[in-house]
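Here's the structure we're looking at; comments come further down.
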Amino acid sequence: MRKRRAVLCMSMALAAVGVVTACAYAAQDNQVARDSEDFSAIERGHYLTIVGDCAACHTGPDGKPLAGGRPIETPFGYLRSPNITPDRQTGIGQWSDDEFVSAMSKGVGRDGRHLYPGMPYTYYDKVDRKDLLAIRAYLQTIAPVRKAVDVNQLHFPFNIRASMIAWDALFFHPAPFKPKAEKSADWNRGAYLVEGLMHCGACHTPKNVLGADEASATFKGSPLQGWFAPNLTTDQAKGVGAWSDDDLITFLKTGHNRMADASGPMAEVVARSTSQMTDADLRAVTTYLRDQTPPPPSMATPLAPDDGAVKIGAAIYRDECSACHKADGHGVAGLFPALAHAPFVVSDDPTSLLHVVLRGGQSVATDAAPTSPAMPPFGWLLTDEQAAAVVTYIRNSWGNVASKVDADTVAHERADLAKRTD
Amino acid sequence: MATKLPRKDVAIIGLGWTGSILAHQLTEAGLDVVAIERGPWRDTATDFSPAYMQDELRFRIAHEFFLRPAQASLTFRNNENQEALPVRSWGAFMLGNGAGGAGIHWNAETWRFLPTDFTARSHLTQRYGTEFLPKDMTIQDWGVTYDELEPHYDSFEYLCGTSGAAGNLKGAVQQGGNPFEGVRSRPYPTPPQKQGFGHTLFGKAAAELGYKPFPQPSGNLSEAYTNPLGVKMGPCTYCGYCEWFGCGNYSKASPQTTILPVLVRKSNFEARCECEVTRINLNAARDRATGVTYVDTSGNEWEQPADIVILAAFQLFNVQLLLLSGVGKMYDPKTGEGQIGRNFSHQTMSSATAFFDKTKFNFNPFIASGSIGMCIDEFNGDNFDHGPLGFVGGGYIGQVQTSGRPIENAQVPFDTPAWGAKWKQAVKDNYLSTIYAPSACHGSCYSYRTNHIDLDPTYKDRFGRPLIRMTMDLHDNELKMSAFLTDKYAEILQHMGANRVEKTPRKGPYDVTKYQTSHLCGGAIMGDNPNNSAVNRYLQSWDVPNLFVQGASAFPQNAGYNPTGTVGALAFWSAKAIKEQYLKNPGPLVHA
């Protein structure tokens, strides 16, 4: 009771300075969150943590849910995700709601400490306070885990937290989500999710040298942990412009569609998050993502079949790849991804293609698509030149057009993969 | 001293085909299930990579996927006058190991037995009289009928996506299928596989001779398929590396490609691999299983209590565990008493090698699958009159050449030198123009008083337990049948236009070093009363009613087909009885 009175007082004080609307809103929200028995808020909060895929980063190698400790790779060194269970010493049990909301949407944690943008507060500023408090309400209900995590393992000067004040000043201008009146409710819901909790751009939008999103290149794809998070624009070749709405929804719901199978980091996103989202939300996400002006189709032409690398690649493809991916590059729906017209194949950055060729990869298993087919590794079999030839062939066959991949690029990817244990 | 673990509803011994089917069915029924598997976990991309799977030396010759005799073996003798000696390298049959069991390395021929196979003794004595069967032949009726098993054959085929042509759809004989098969309730889930040149030519020749050839039912799929569990399989690429190998293309039906992906997602399922069950624990009265004891790779011993025990190991090891655990009574061939180890049988395989003019015939034998081929069923079971022939049983006959793998398929006429320039020239001359299908005549193997399994008095395994001892020989009935089938097969090959046909009918004595399928059967057979069988018609032990013994160990004798279709059907049939009858009223399901 005492807390609620305090909130009321605060609301009144705010009203006194004239912020009438905002105050009423906040008071109402706080009431929602204050009621720790509010089952529907807790349930909604649980769903929103799934939408935000909080567990992906905040569950460490020990598997204790949301107890942190997972290494988060950045170009500036590693972060370890903090413990967000309600443990009062090592988790966020002692945080006030406002401290929680501040961390989520302003990137300023308890005691005014600045968060690193590995935590996507640059997206969560778009999330309604009401939703943030629902998340908070849910997080208060999970089992507390006592586990201290040393978050900051970055290189100098980024290991100095205060450097983030400057970073925020340069790249972070918090603004709540503003619905567009001219767009449908579906579109606005999709925009709210994609630009907010789902933080799709955190992986799929290219970054500048200081790790901030390149606003001019939204969703054009970005390197990520030994993969390339693919282009989500409506580009017909390099994005998902050739996919139907149902292709995209099916992919997010099941991890598979008639052309593609989610593997790498996206497998995890599908397993933990999108496969558990409601159909209505997935449709909204799709509506929003599809509403982009596609770039004009490329006039580029593929490398000629008599190109040396293409010829060698064609022979290797026939021997090693065609049994599953088929001579026409169309694969088998839901089992072996199509390589023809596949965005990840023709991406300017061939990292993902090289990753699966060299190391293989397992696609996601979901309740709707439990098979979880996998690609075996070929890194032990193919030399750098051979791997370069076969991916060059794949990138220039069946209508695909993309740059030649050289042996040095393969060698670089091979060396990078060798350092990875995941 | 074993460490006692928390109780489970069900402990399954072995995670091959039957263990996987039972685990799926029983977890669906809400039970908490643990499967304890002697070998390693195996996964398609990790263990059957198409980047290296086509390695005949590694997998076919060096037996990479199989049980190592140093871990578990058996002793062998032809008859009771011999001293049995340990088998130190697999020969006559292959013993699978690991998750998927023999389901990973099989050829995926997915047959149904004939309706009369299930009533073998009563049918044959009715038709030919009681004196027609050899005196020491111990064949008997199964206690279950084809009609009862039909829905479960169907379940197994739809689980596997089996590719084939129906021969008898709801009583209507179908053109292009096997006209002798039992009535099936619906077509195969996928159309038959494509046939190679040699297979097609055989079908044509057989038809010209008045037979009704049909494509072999295949668990290597003709097209992509999604089974009722939602698991997807890919179309077969006809690489010809099926038997002895794992399929890297998700094309061959196996627990990995049909069930395990769903099973591993279940919270009420757990697999413990590289854990070898050493005994089924019984209560003092020996009428109830209390669980199992197993040993892990560190030598730690664990006791897993369970309300239901499913014995789903390979035939030999089912029998061994029953004997070592004291379930029922060991069979004694002298007195005919005891049921455990009785009616052991195998398969009577034979063939003929046909050499053709290389300038006219190029069979491209490397384009194949494990269950490709055109077959005829005129000489199987009792589809023909045995009266004038003096034997019973039979088998399907087919051009079922499953590969052109170079080591096995370097076939040359028998008068060629065994090595040197002339041998090399003969291999070159014949490789592409020879038909070599070692299992072309898939003869039945009926059971006899003297063919049985017991415990060896001398040789022990690494735990100090007696090895199983196999006493096995071929009888005149099977040798006559094999000669007959081989002659019929050779006639068709000759009609195809072969220059030379070399017949290799099965000869005695039974040779444990020569491969003749891995279809070991019997030893814990099913039947209608405890005086003629180890398990009842639901595969429930007569002696220990909370123990169900799966697999071909239940076959009272082996028919002229590959057994896996029937093994799968029996597993579904048994699972249904457990779910619908046993769980409601735990106790004997049959009172005899």
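These protein sequence lines are chains U and Z, in that order. In the working numbering, each residue carries its 1-based index in the first sequence increased by 7. In the working numbering, each residue carries its 1-based index in the second sequence increased by 158. Each residue gets a CB set at the ideal place from its N, CA and C atoms; glycine is no exception.
Neighbour list for Z/K618 in chain U, Cβ cutoff strictly below 7 Å: Result: empty, since nearest Cβ-Cβ is about 40 Å, beyond 7 Å.
On the premise that Z/S508 lies in contact with Z/G368, defined as a C-beta separation below 8 Å, what is that separation, rounded to the nearest angstrom? Not confirmed; about 22 Å, so no contact.
Buried or exposed by the 16-neighbour rule on C-beta atoms within 10 Å, applied to Z/E459: Around the CB of Z/E459, fewer than 16 other CB atoms lie within 10 Å, so the residue is classed as exposed.
Is there a C-beta anywhere in chain Z that falls below 8 Å from the one on U/A150? Cβ-Cβ to chain Z under 8 Å: no for U/A150.
Output the boundary residues of the alpha helix (DSSP H) element that contains Z/Q284. It spans A278 to Y286 - the alpha helix (DSSP H) in which Z/Q284 sits, taken as one unbroken run.
Does any C-beta atom of chain U lie closer than 8 Å to the C-beta of Z/C397? The beta-carbon of Z/C397 is placed less than 8 Å from the nearest beta-carbon of chain U.
Distance between beta carbons of Z/L482 and Z/R437, contact taken as under 8 Å: 6 Å between Cβ atoms; contact.
How far does the beta strand (DSSP E) with Z/L705 in it extend, from its first residue to its last? From DSSP, the beta strand (DSSP E) with Z/L705 extends over L705 to V707.
The segment 385 to 401 of chain U touching the segment 316 to 328 of chain U, judged by at least three CB pairs closer than 8 Å: Using a C-beta cut-off of 8 Å, the segment 385 to 401 of chain U makes contact with the segment 316 to 328 of chain U, since at least three inter-stretch Cβ pairs fall below that distance.
Using 8 Å as the limit for Cβ to Cβ distance, is U/L342 near chain Z? At least one chain Z Cβ lies under 8 Å of U/L342.
Need the endpoints of the alpha helix (DSSP H) that U/T92 sits in, please. Looking at the DSSP string, U/T92 is not in any alpha helix (DSSP H), and its letter there is neither H nor E.
DSSP three-state assignment for U/P272, whether helix, strand or coil: It is helical.
Measuring straight from C-alpha to C-alpha, what distance separates U/P303 and U/T225? Computed Cα separation, rounded: 16 Å.
Is the separation between the beta-carbon of Z/G361 and that of Z/M488 shorter than 8 Å? Cβ distance not < 8 Å, so Z/G361 and Z/M488 don't count as in contact.
Which whole-angstrom value describes the C-beta separation of Z/T296 and Z/S605, a residue pair presumed to lie in contact below a C-beta threshold of 8 Å? Contact between Z/T296 and Z/S605 holds: their C-beta atoms lie close to 5 Å from each other, under 8 Å.
Z/T358 to Z/P350 span [Cα, whole Å]: Straight-line Cα distance between these residues: approximately 13 Å.
For the segment 387 to 429 of chain U, list the alpha helix (DSSP H) runs that are entirely contained and at least 4 residues long, ordered along the chain. Entirely contained in the segment 387 to 429 of chain U, the alpha helix (DSSP H) runs reaching 4 residues are, in chain order, 391 to 401 and 414 to 425.
Rounded to a whole number of angstroms, what is the C-alpha to C-alpha distance between Z/M211 and Z/K665? For the pair Z/M211 and Z/K665, the Cα-to-Cα distance works out to about 34 Å.
Identity of the residues DSSP links to Z/D490 by a beta bridge: Answer is Z/E495, bridged to Z/D490.
Interface flag, U/T378 vs chain Z, CB-CB below 8 Å: Interface residue, yes.
Would you mind working out which of Z/P371, Z/N385, Z/A363 and Z/G354 sits nearest Z/Y346, comparing C-alpha positions? The candidate whose alpha carbon is nearest that of Z/Y346 is Z/N385.
At what residue ranges does the segment 310 to 348 of chain U contain a whole run of the alpha helix (DSSP H), taking only runs of 4 or more? Qualifying alpha helix (DSSP H) stretches, in chain order: 315 to 323 and 329 to 332.
Quick one: what does DSSP say Z/K661 is sitting in, helix, strand or coil? DSSP, reduced to helix, strand and coil, places Z/K661 within a strand of the structure shown.
Is the Cβ of Z/Y369 closer than 8 Å to any Cβ of chain U? No, no contact with chain U.
Count Cβ pairs between the segment 195 to 202 of chain U and the segment 284 to 291 of chain U that sit closer than 8 Å; are there 3 or more? Yes, the segment 195 to 202 of chain U touches the segment 284 to 291 of chain U.
Where U/G341 falls, given that 16 or more other Cβ within 10 Å makes a residue buried: U/G341 is buried by the Cβ-count criterion.
If you follow the alpha helix (DSSP H) that Z/F621 is part of, which residue opens it and which one closes it? Taken as a continuous stretch (DSSP letters only), Z/F621 belongs to no alpha helix (DSSP H), as it is neither H nor E.
Three or more C-beta pairs closer than 8 Å, one from the segment 518 to 532 of chain Z and one from the segment 726 to 741 of chain Z: is that the case here? No: fewer than three Cβ pairs fall under 8 Å.
Nearest neighbour of Z/N609, chosen from Z/L678, Z/F542, Z/Q674 and Z/P596 [CA to CA]: For the residues Z/L678, Z/F542, Z/Q674 and Z/P596, the minimum Cα distance to Z/N609 belongs to Z/L678.
Starting from U/Q369, find everything on chain Z with Cβ-Cβ shorter than 8 Å and list it in chain order. Simply A203.
Would you list the one or two residues that DSSP bridges to Z/G449? As a beta-bridge residue in DSSP terms, Z/G449 pairs with Z/N439 and Z/P463.
Taking C-beta to C-beta, are Z/T675 and Z/Q505 nearer than 8 Å? Yes.
Three-state secondary structure (DSSP) at Z/Y769? This structure cannot speak to residue 769 of chain Z, because chain Z is shown only from 159 to 750.
Span of the beta strand (DSSP E), counted from its first residue to its last, around Z/C431: Segment: none, Z/C431 is in no beta strand (DSSP E) and carries neither H nor E.
Report the CB separation of Z/A266 from Z/G377 in whole angstroms; it is logged as a contact under 8 Å. With 8 Å as the limit, Z/A266 and Z/G377 qualify as a contact, their Cβ atoms being about 3 Å apart.
Can you pull the chain Z neighbours of U/E327, defined as C-beta to C-beta under 9 Å? Neighbours of U/E327 on chain Z, chain order: P208 and A209.
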